[in-house]
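Below is one structure; the comments refer to it alone.
Protein chains in written order, with the numbering used here: chain A, 881 to 1215; chain B, 881 to 1215.
Encoded structure:
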């Protein structure tokens, strides 16, 4: 399983939309006769790749796979069936498939008389595809809310200017985090005021080849010349103000697993009030403004006992000298 | 000089009001014949202690001392005269005395025919008594402004409650920083609203033996039952709203070198606007309030280009789990 987990985590395999999976085929003496991993949507699943690698040696082998073999036909056929047809004798699975459409592989294998063991190193396998697992289990994408603020909690000066509250190293770091998500989300007001591109760009400000879906939520129309409507990446306007409706739509209709929320204080407050923020990333800039736009809007909290507490996961200084910013990563839950 | 600096830095010697000084007496072969360090106001100066240690061996010796020997009679006699009378042949000095009242020791020694070398490892000697040196050179105490804030820059909730924005490890750390200063400073409004004790307390909330002077500035009278007027530590009411007047008074009339500013947003803003904050210590609590009291008042900044930038010196996580706070230490200048 160690090797299967390692294969699944092969660098440069996209995290979205499909889960990362690794598979190793072993003979009776525990020797590897084939291995494979999934390389992204539309390419063979890990089990099929491993079976192809093993050829005839797959007959009678044990398949060790990080995720329950799929039971449905998508762009590729069902892996459970492929394992049966190849004559595999035993299957060891780490994570059970949280996707109800694809699940059932273990039952299919067992019905075919194959011995199945599930749950070995399941936590590590879940962590490989954390937001994918979360989205399937919870019916909505995992939400990372990112904001940059001064020491006194301002995201822009009194006249609305905000370039730049965060330093260049912090902004580059933000693009790294954006790239790990499959969805950028802002409100119509941010589009109207800031007109952001919301693309993932490299150090030379050039867009990367793979871009998250750019989503604007809110009932107002978008200006036709909004940067978000350019052809640098796909975009979507969800005509709702309800965070849960937006998230469920993104999961159900657009197969989204990880939303990077970069909206203004009002949108952020709406998500916080709804309990729909799963991770908070704050870039603290060592500067003071005194007045200006607050980083977060009204949360309905009037007394200190009701403050929204977060658990600090990481504190990292990015950049140095005049460019030093502090990135704080937090979650609402302790575990 | 290494040894003299080490002696000066002997633990448990108070940093206030007198500078920490070390002195080593060497014979012609470089052997130590006596050494001494200052142990606090009213006790012998380092040179006198070293001369006493050496006895007759001081005659013809070289005195290595971290600070220019004093030239005035305070609670103890002038050290320059003591060195001359002991028959010292040569004096090596690190830092020149920035105190105009006590300075002139080098000139007095030279006038008596003693060879003097000054400036060796002066930077290290200055660092031994950084705020004392600052106060003498600038005519006002060094000012450390400390505040605790939520991620969104609030120092209290909408109803004024603020116990506790900072966690217990952060509050204990604040007492450690208070103990390194000689003056606590707040405004009359903080006394009226929060009624703080402003004492330095240990982990059992018991006051330490040595307390900074508690100072309130502002024109309003203090409530007679204010905690700050109790007998746990001396206190002082400066009837001015002008930060520079307050600081100059503290230096001139009360021999203060290091002010720990813990006032509210208005007082902090007044010091910032006057350019009279030399160090900022912020305890960032990973919590959100949405609304509430701002950590800092209006600074007259309306656009991002005019933001007050600080240089990050240190970022440290204090405590863990639900008690994790992040301490950021910053200065307005890069050097």
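In this text, a Cβ means the ideal position worked out from N, Cα and C, and glycines have one as well.
Proximity below 8 Å, CB of residue i to CB of residue j
i	j	result
residue 1195/A	residue 1206/B	yes
residue 1045/B	residue 1184/A	yes
residue 833/B	residue 1075/B	Nothing about residue 833/B can be read from this structure; chain B reaches only from 881 to 1215.
residue 1157/B	residue 1151/B	yes
residue 1000/A	residue 972/A	yes
residue 1130/B	residue 1021/B	yes
residue 947/A	residue 975/A	yes
residue 1078/B	residue 1108/B	yes
residue 1192/B	residue 1204/A	yes
residue 1097/A	residue 1070/A	no
residue 927/A	residue 884/A	no
residue 1123/A	residue 1072/A	no
residue 903/A	residue 966/A	no
residue 1201/B	residue 1099/A	no
residue 1018/B	residue 994/B	no
residue 888/B	residue 1008/B	yes
residue 1058/A	residue 1080/A	yes
residue 998/B	residue 986/B	yes
residue 1199/A	residue 978/A	no
Residue(s) in a DSSP beta bridge with residue i
i	result
residue 996/A	971/A
residue 1193/B	BP columns for residue 1193/B are empty, so no partner.
residue 1087/B	1081/B
residue 881/B	In the DSSP output, where bridge partners are listed per residue, residue 881/B has none listed.
residue 923/A	Its beta-bridge partners do not exist; DSSP assigns none.
residue 1025/A	1141/A, 1160/A
residue 1117/B	1096/B
residue 903/A	916/A, 945/A
residue 1173/B	1036/B
residue 1188/A	1168/B
residue 1211/A	1191/A
Contact set for residue i: own chain, Cβ-Cβ below 6 Å, skip 5 residues either direction
i	result
residue 890/B	917
residue 913/A	905, 907, 934, 937, 941
residue 1147/A	1067
residue 1092/A	1061, 1062, 1063, 1064
residue 1208/B	1162, 1195
residue 989/B	960, 971, 996
residue 1136/A	1021, 1062, 1063, 1130
Own chain residues within Cβ distance below 8 Å of residue i, not counting five before or after
i	result
residue 1083/B	1052
residue 1035/A	1027, 1028, 1029, 1042, 1045, 1144, 1145, 1172, 1173, 1174, 1175
residue 1031/B	1164, 1165, 1166, 1167, 1168
residue 893/A	900, 917, 918, 919, 920
Reduced DSSP secondary structure (H/G/I, E/B, other) of residue i
i	result
residue 1141/B	strand
residue 917/A	strand
residue 1016/A	helix
residue 942/A	strand
residue 1168/B	strand
residue 979/B	coil
residue 988/A	helix
residue 1201/A	helix
residue 1043/B	coil
residue 955/A	coil
residue 1206/B	strand
residue 910/A	coil
residue 1067/B	strand
residue 1030/A	strand
residue 1134/B	helix
residue 1103/A	coil
residue 1181/B	coil
residue 966/B	coil
residue 1125/B	helix
residue 886/A	helix
Own chain residues within Cβ distance below 7 Å of residue i, not counting five before or after
i	result
residue 898/A	918, 920, 921
residue 925/A	901, 918, 950, 956, 959
residue 982/B	950, 951, 952
residue 1038/B	1171, 1172
residue 1153/B	1179, 1180
residue 1190/A	1160, 1210, 1211, 1212
residue 1117/A	1096, 1102
Any C-beta of chain C under 8 Å from that of residue i
i	result
residue 1210/A	No chain C appears in this structure, whose protein chains are A and B.
message: Check whether the region 1057–1067 of chain A and the region 1135–1147 of chain A touch, using three or more Cβ-Cβ pairs below 8 Å as the test.
response: yes
query: Just checking, does the region 1164–1181 of chain B make contact with the region 1000–1016 of chain B on the three C-beta pairs under 8 Å criterion?
result: no
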